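Everything in the sequence shown is counted per this note's numbering, starting at 2 for the first residue and increasing by one.
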Amino acid sequence: MTTSNPEQPNNPLHGVTLEIVVTRLADHYGWEKLGDKININCFKNDPSVKSSLKFLRKTPWAREQVENLYLATF
Numbered sequence: 002m003t004t005s006n007p008e009q010p011n012n013p014l015h016g017v018t019l020e021i022v023v024t025r026l027a028d029h030y031g032w033e034k035l036g037d038k039i040n041i042n043c044f045k046n047d048p049s050v051k052s053s054l055k056f057l058r059k060t061p062w063a064r065e066q067v068e069n070l071y072l073a074t075f
């Protein structure tokens, strides 16, 4: 018997919340460098995890870029 989730067997982000993704990237790169890597205002103007989560949850293209950077980084 496998231990992987049959609903998402190939999803490397399964079980990783968006908050964890944003927090780890911000800790790793810092907000300024993160804003350089992904050009979105929530990383450039008065950035915070809370404001970033609010924006990313309603903006699929930006969330995809953030998740891709997370996968490439970690």
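All residues carry an ideal CB built from backbone N, CA and C; glycine is no exception. This structure is a prediction, so every number in the text was calculated from the model and none was measured.
May I have the straight-line CA-CA distance separating residue i from residue j, to the nearest angstrom?
i, j, result
"Val22", "Glu33", "16 Å"
"Gln66", "Ile39", "7 Å"
"Ala63", "Cys43", "10 Å"
"Lys55", "Thr18", "13 Å"
"Lys45", "Asn12", "29 Å"
Is it buried or exposed for residue i, if we count other Cβ within 10 angstroms and need 16 for buried?
i, result
"Pro61", "exposed"
"Ala73", "exposed"
"Pro48", "buried"
"Leu26", "buried"
Could you give the DSSP three-state label for residue i: helix, strand or coil?
i, result
"Leu14", "coil"
"Gly36", "helix"
"Lys51", "helix"
"Asn46", "coil"
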